[in-house]
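Notes for the one structure printed next.
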Amino acid sequence: MLTLGGCDPGPAHPAAPAQEQERLLARARMVREQLVARGITDARVLEAMARVPRHEFVPAGPRGEAYEDWPLPIGHGQTISQPYIVAFMTAALEPKAEDRVLEIGTGSGYQAAVLSGLVTEVYTVEIVAPLAQRAEADLRRLGYGNVKVRAGDGYLGWPEAAPFDAIIVTCAPEKVPQALVDQLKAGGRMIIPVGSPWGAQELVLLRKGPGGLERQVVLPVRFVPMVKGR
Ligand code: SAH
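Using this note's numbering, the first residue of the sequence shown is number 1, and each one after it goes up by one.
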């Protein structure tokens, strides 16, 4: 909002231009030091990570750490993933402009926002209803119009919108849910952490090839468990 004459106090807590500038620099540093330095090379992914205001998806308490190299609490016992993991998983999906992508585990909505600029449509499912509502409101407020949020059980996927070109799961089931495999297109990619709750997990990249599901273990990880719906 442009304020002339100094009478209008403007929005209640506008971020000062200096603070915005600082965040822009912090984000550029995050891309350089946490992503490029660790081997993320996909230019579109790096651009998306440089563009999306991660601090907008982090609650006020830990917001000052939004561009640091670790996960952060977002309430309800859940976390927003470390920036490197978000970039790594996004790149592993090989997102294309015309793709429709399903995410399981909306959390803060940050991963969905990163995907939003890279593909045509993002569908994201979150089992904790207040988190789904907050993420949906934040995504709308920030103008991510091609993301659809649903409060529900990710084990079911999003059958009415299937099949998807790519599926990203950001909570860890003990094994890959069959419904998600069924909702993946031929040639589609799925990135998913698999393993015991709070224990050893591996990030698995699946590709639906002509001869069946190709499976590649890419990284040891630790995600919050994918809980069973009631
Ligand atoms: N992608 C998120 C981080 C996700 S944390 C972000 O960018 O912020 C993992 C999320 O998965 C949590 O919010 C958790 O509530 C959710 N979750 C756990 N089990 C689930 C299930 N069965 N279906 C959908 N979401 C689930």
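All residues carry an ideal CB built from backbone N, CA and C; glycine is no exception.
Asked, Found
"If you follow the beta strand (DSSP E) that Y123 is part of, which residue opens it and which one closes it?", "E121 to E126"
"Excluding the 5 residues flanking V128 on each side, which residues of the same chain have their C-beta closer than 6 Å to its C-beta?", "H76"
"Should Y144 and R54 be called a contact, given that it needs their Cβ atoms to be closer than 7 Å?", "no"
"Do you know offhand how far V231's Cα is from T170's?", "Residue 231 lies beyond the range of the chain shown here (1 to 230); nothing can be said about it."
"Which one or two residues does DSSP pair with I74 in a beta bridge?", "Note: I74 sits in no beta bridge, so no partner."
"Between the region 20 to 28 and the region 43 to 62, are three or more C-beta pairs nearer than 8 Å?", "yes"
"By Cβ distance, which residues of its chain are closer than 8 Å to E103, with the 5 residues on each side in sequence left out?", "Q111, A112, L115, V122, Y123, T124, V125, I167, I168, V169 and T170"
"Give me the DSSP bridge partner(s) of Q216.", "L205"
"In terms of residue numbering, what span does the alpha helix (DSSP H) encompassing M89 cover?", "P83 to A92"
"By how many angstroms is the C-alpha of P163 removed from the C-alpha of P188?", "Strictly speaking, residue 188 in this sequence is Gly, with Pro absent from that position. Answer to the nearest angstrom: the Cα atoms are 9 Å apart."
"With the cut-off set at 7 Å, would you say D99 and V86 are in Cβ contact?", "no"
"At a cut of 8 Å, does the region 128 to 139 reach the region 188 to 206 through at least three beta carbon pairs?", "no"
"List the endpoints of the continuous beta strand (DSSP E) containing R134.", "Premise fails: R134 lies in the alpha helix (DSSP H), A129 to R141, not in any beta strand (DSSP E)."
"Using the rule of at least 16 other Cβ atoms within 10 Å of the residue's Cβ for burial, across every protein chain shown, is V218 buried or exposed?", "exposed"
"When you measure from the CB of E136 to every non-hydrogen atom of ligand 2, does any distance come out below 6 Å?", "No copy of ligand 2 appears in this structure; the ligands present are ligand 1."
"Is M226 close to ligand 1? I mean its beta-carbon at under 6 Å from any heavy atom of the ligand.", "yes"
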